[in-house]
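Number of protein chains: 2
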Amino acid sequence: MAAERLVVVGGDAAGMAAASHARRLKGPGELAITAFERGHFTSYSACGIPYWVGGSVDGPDALIARTAEEHRARDIDLRLRTEVTELDLDGGRVRTRDLDNGGQESWTGFDKLVLATGARPIRPPLPGIDAPGVHGVQTLDDGQALLDSLTAAEGRRAVVIGAGYIGVEMAEALINRGYRVTVLEAREQPMSTLDPDMGALVHEAMCGLGIETVRGAAVTAVLTDASGRARAVATQDAEYPADVVVLGMGVRPETALAAAAGLPLGESGGLLTDLAMRVRGKEHIWAGGDCVEVLDLVSGRERHIALGTHANKHGQVIGANAAGGYATFPGVVGTAVSKVCDLEIARTGLLERHARAAGLRFVSVTIESTSRAGYYPGARPMHVKMLAERRTGRLLGVQIVGREGAGKRVDIAAVALTAGMTVEQMTTLDLGYAPPFSPVWDPVLVAARKATAAVREAGI
Amino acid sequence: MAAERLVVVGGDAAGMAAASHARRLKGPGELAITAFERGHFTSYSACGIPYWVGGSVDGPDALIARTAEEHRARDIDLRLRTEVTELDLDGGRVRTRDLDNGGQESWTGFDKLVLATGARPIRPPLPGIDAPGVHGVQTLDDGQALLDSLTAAEGRRAVVIGAGYIGVEMAEALINRGYRVTVLEAREQPMSTLDPDMGALVHEAMCGLGIETVRGAAVTAVLTDASGRARAVATQDAEYPADVVVLGMGVRPETALAAAAGLPLGESGGLLTDLAMRVRGKEHIWAGGDCVEVLDLVSGRERHIALGTHANKHGQVIGANAAGGYATFPGVVGTAVSKVCDLEIARTGLLERHARAAGLRFVSVTIESTSRAGYYPGARPMHVKMLAERRTGRLLGVQIVGREGAGKRVDIAAVALTAGMTVEQMTTLDLGYAPPFSPVWDPVLVAARKATAAVREAGI
Chain V
1 MAAERLVVVG GDAAGMAAAS HARRLKGPGE LAITAFERGH FTSYSACGIP YWVGGSVDGP
61 DALIARTAEE HRARDIDLRL RTEVTELDLD GGRVRTRDLD NGGQESWTGF DKLVLATGAR
121 PIRPPLPGID APGVHGVQTL DDGQALLDSL TAAEGRRAVV IGAGYIGVEM AEALINRGYR
181 VTVLEAREQP MSTLDPDMGA LVHEAMCGLG IETVRGAAVT AVLTDASGRA RAVATQDAEY
241 PADVVVLGMG VRPETALAAA AGLPLGESGG LLTDLAMRVR GKEHIWAGGD CVEVLDLVSG
301 RERHIALGTH ANKHGQVIGA NAAGGYATFP GVVGTAVSKV CDLEIARTGL LERHARAAGL
361 RFVSVTIEST SRAGYYPGAR PMHVKMLAER RTGRLLGVQI VGREGAGKRV DIAAVALTAG
421 MTVEQMTTLD LGYAPPFSPV WDPVLVAARK ATAAVREAGI
Chain C
1 MAAERLVVVG GDAAGMAAAS HARRLKGPGE LAITAFERGH FTSYSACGIP YWVGGSVDGP
61 DALIARTAEE HRARDIDLRL RTEVTELDLD GGRVRTRDLD NGGQESWTGF DKLVLATGAR
121 PIRPPLPGID APGVHGVQTL DDGQALLDSL TAAEGRRAVV IGAGYIGVEM AEALINRGYR
181 VTVLEAREQP MSTLDPDMGA LVHEAMCGLG IETVRGAAVT AVLTDASGRA RAVATQDAEY
241 PADVVVLGMG VRPETALAAA AGLPLGESGG LLTDLAMRVR GKEHIWAGGD CVEVLDLVSG
301 RERHIALGTH ANKHGQVIGA NAAGGYATFP GVVGTAVSKV CDLEIARTGL LERHARAAGL
361 RFVSVTIEST SRAGYYPGAR PMHVKMLAER RTGRLLGVQI VGREGAGKRV DIAAVALTAG
421 MTVEQMTTLD LGYAPPFSPV WDPVLVAARK ATAAVREAGI
């Protein structure tokens with residue numbers, strides 16, 4: 001019997017984790033695996049790019065979890081610089097173009113298909129947005145291009161458009177490279193992944209770190225010099241000189257191929273899957289990573305969340321199922337953690353606007369505490385905001401802004417959300433306590449106590 | 001109508017939290033609160049004593065959360081240096097002795113009684129154990145006595161008897177004071193709050209930190225000099241010179257008063273309570289903190305766990321109930337975290353011996369990972385051991401030994417244990433990921449994946 005043919009489109013986290021896991025379960029005699037990647041690299045940590053650009057990580061090799069050669073040694077037929085240009089689902093084949101050899105096209109047949117086409121940085125259609133010196137930071141190739149640009153730049157002024165995770169991480173990277181950094185954020189506060197009151201704390205801290213952060217800044221154009229290279233970013237109110245411009249406005253699912261093939265997409269444009277990560281309604285097509293929507297277990301709605309840790313989990317699940325095993329991905333609770341210099345920023349669950357959109361009535365409280373016992377050296381202040389459903393007291397979300405020791409505390413809430421705990425149940429959680437690690441009441445417990453009281457007072 | 005009389009025995013965390021919380025709910029016209037404390041201080045962090053002794057915290061003031069004056073300003077009649085010597089439950093009164101005024105005795109009547117008598121360091125009945133220069137570190141008075149002893153000592157050699165939490169924390173404190181430290185542990189490994197294989201990692205690390213750690217060391221005597229002061233510790237095999245000796249063999253509940261009054265005690269000698277922290281079978285007597293046993297939610301058995309974080313929670317619950325409100329303490333999962341120099345040590349749930357004693361069949365796995373993405377600066381190795389019940393896959397316990405970032409990760413498992421999660425459910429937890437905070441698979445997730453596979457392979 002001929003081996004089944006598994007074709008993987010996209011050679012980063014989700015795609016190659018799927019390929020590797022499938023290979024672990026089935027040998028090449030049973031399953032032939034071909035993977036197409038249009039870039040130069042496989043299985044890399046895109047999340048590490050800001051730290052490579054900032055110089056705290058040697059790249060790009062350190063960011064590659066598994067090289068093309070390692071994949072090939074495990075009987076995965078990996079084709080780099082090969083773009084998939086069409087999915088012929090009825091014909092059971094994909095059309096590819098070899099980007100290095102004059103764009104030669106060919107068809108490859110499949111019995112099972114994995115779509116892991118990732119995401120692309122948002123590039124609003126503004127004058128100059130595609131000029132040299134304007135950089136996204138989604139792939140290792142992007143990172144290398146930005147580093148080349150930094151080397152070539154004559155001045156040391158950088159403008160980052162957008163103050164989300166990528167924006168603030170890139171601000172830190174550019175500060176570390178000796179740049180004067182301006183971050184332009186269209187909304188009222190940076191970090192729109194937080195509620196505005198928590199975002200205001202981030203704004204304040206960024207200013208303290210020497211990062212000029214302009215709020216309500218609607219970018220109208222990237223201005224270019226005589227050579228066509230970016231030289232400034234214009235908003236409705238001002239012009240910000242820039243030797244380099246970085247796009248940090250987030251990403252969108254890269255699903256043009258899937259859309260052309262008629263596969264089901266959600267509101268964000270991400271592919272819709274079932275719990276086994278199969279594309280909905282398709283028996284032998286799976287999708288995962290930054291190109292899919294995931295179920296938000298708190299709101300019960302599908303969302304697009306581009307994160308390496310989800311992509312890796314998706315890949316495992318897909319690999320198991322594509323090789324005839326069984327695994328599922330139940331969904332997410334919306335956890336994210338980031339930092340800008342020594343400021344740690346974390347959230348999980350719903351923001352106030354998400355909770356409202358989901359039809360929930362809730363209370364929200366914010367407390368200030370410290371990362372360690374107040375008297376212990378290195379205790380740093382930390383703000384914790386907590387949302388709980390009225391009447392039931394069910395935890396809905398947590399946001400944390402602080403310094404060392406703040407970020408990963410969000411995991412406590414992530415597990416509690418997954419378990420459907422109430423904030424009152426959380427008040428008696430048996431969390432690790434010793435003066436170098438926590439006050440005697442962990443900040444999350446302090447927030448849970450205040451939220452419990454708020455639920456009680458609020459009634460319905 | 002006369003105010004009800006609430007008497008609190010013991011003025012540290014549990015007792016004063018109970019008094020304070022009761023006062024918040026009821027004014028002095030309704031509830032008269034009298035608290036007796038035999039020491040000089042109230043509401044202090046005993047857990048902070050090693051850091052005060054080690055010089056990283058100014059003490060003792062910094063360790064006092066609320067002074068006697070602050071309590072008195074809130075209409076709590078607090079009597080320091082006043083020891084309760086007898087509970088007359090039928091008569092509704094306690095006998096006290098004034099330790100500063102010639103031991104004058106008197107009786108105080110109560111309508112409601114709170115017992116928060118704490119714990120005392122284990123002092124085996126060995127020759128010399130009570131000699132000057134041998135120190136427990138349970139109270140601020142103990143801490144001051146040890147500091148005086150360090151100042152008076154001529155040499156710089158310290159012996160710590162016992163390598164549990166207090167023992168390793170005191171080892172660090174004495175190293176920081178410039179002492180050469182030897183830790184004598186009777187068992188096969190230090191940290192018997194971990195399984196021996198994880199304790200071995202602690203042993204190895206302590207040796208690397210320059211702390212001589214002797215295993216299987218059965219102490220036979222404290223040897224004294226001509227003045228009667230401790231000069232060495234003898235074991236069956238050797239003599240260890242000591243300018244100061246610290247007892248780190250853990251503590252026992254201080255329940256002599258309760259026992260004399262016929263109150264119910266558990267196997268450890270701790271008071272037994274119900275979920276409202278009432279002494280079992282007693283309507284108007286509550287007990288909390290280091291003098292009680294708590295329900296271990298994983299094994300379903302009562303245990304004695306002396307920890308400030310539990311004491312504070314107990315105090316809150318007792319205060320609410322004693323003031324006519326309502327609160328309960330559901331139990332613990334056995335979380336503890338500590339450090340010795342830069343080594344972090346944490347556990348939650350059951351050890352292998354606990355699981356066996358509870359009649360559970362289980363699998364255990366250990367993994368090695370890092371605190372951050374492997375390529376990110378400051379990534380430190382971390383070992384995670386995980387126990388899961390056979391067949392059901394229910395999480396039973398986690399132990400972690402590592403460096404920075406290891407300790408508080410145990411909270412993930414503490415919440416999962418509380419929620420009764422299986423290790424397979426844990427594999428898809430949405431934990432905070434970014435390279436400075438975690439590898440793309442958090443070490444706890446890596447352990448959960450391995451445990452899931454082990455459960456599957458083990459069958460029944």
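Just so you know, the protein sequences line up as chains V and C, in that order.
Each residue of the first sequence is one higher than the one before, counting from 1 in full-length UniProt numbering.
Each residue of the second sequence is one higher than the one before, counting from 1 in full-length UniProt numbering.
Idealized CB from N, CA, C, for every residue including glycine.
DSSP beta-bridge partners of residue i
i: V:D296; result: V:R301, V:V332
i: V:D98; result: V:T82, V:Q104
i: V:S364; result: V:L387
i: V:Y240; result: V:V233
i: V:K112; result: V:L6
i: C:P381; result: C:T370
i: V:V279; result: V:T273
i: C:A120; result: A small correction: the amino acid at residue 120 of chain C is Arg; Ala does not occupy that position in the sequence shown. C:R120 is bridged to C:R252.
Buried/exposed call for residue i, threshold 16 Cβ in 10 Å
i: C:D225; result: exposed
i: V:S20; result: buried
i: C:N101; result: exposed
i: C:Y326; result: exposed
i: V:D411; result: buried
i: V:P443; result: buried
i: C:A205; result: buried
i: C:G216; result: exposed
i: C:L184; result: buried
i: V:A73; result: exposed
i: V:S106; result: exposed
9 Å Cβ cut-off: residues of chain C touching residue i
i: V:C47; result: A373, Y433, A434, P435, V440
i: V:P330; result: Q425, T428
i: V:M421; result: V415, T418, A419
Under the three-state DSSP convention, the category residue i falls into
i: V:G178; result: coil
i: V:I285; result: strand
i: V:S20; result: helix
i: C:V168; result: helix
i: V:S338; result: strand
i: V:V137; result: coil
i: V:T422; result: strand
i: C:G92; result: coil
i: V:M191; result: coil
i: C:S149; result: helix
i: V:I129; result: coil
i: V:G397; result: strand
i: C:E154; result: coil
i: C:P436; result: coil
i: C:E254; result: coil
i: V:L350; result: coil
i: V:T273; result: strand
i: C:I211; result: coil
Contacts that residue i makes with chain C (C-beta to C-beta distance below 8 Å)
i: V:Y376; result: G48, Y51, S56, V57
i: V:S338; result: A434
i: V:A358; result: Under the 8 Å cutoff, chain C gives no residues; its nearest Cβ is about 17 Å from V:A358.
i: V:V333; result: D430
i: V:N176; result: What V:N176 touches in chain C: nothing, since even the nearest Cβ is about 11 Å away.
Under 7 Å from the C-beta of residue i: neighbouring residues of chain C
i: V:I412; result: D411, V415
i: V:A346; result: G432
i: V:L63; result: Y375
i: V:N312; result: V440, W441
Chain-ordered neighbours of residue i on chain V, where CB pairs are closer than 8 Å
i: C:G308; result: Y433, V440
Distance cut-off 7 Å: residue i Cβ against heavy atoms of the ligand HEM
i: V:D12; result: Absence of the ligand HEM from the depicted structure is noted, as is the absence of any ligand whatsoever, leaving it without description.
Next on the checklist: Extract the residue ranges of the beta strand (DSSP E) inside the stretch 31 to 81 of chain C, only unbroken runs of 3 or more that lie entirely within it.
Outcome noted: 31 to 36, 76 to 79
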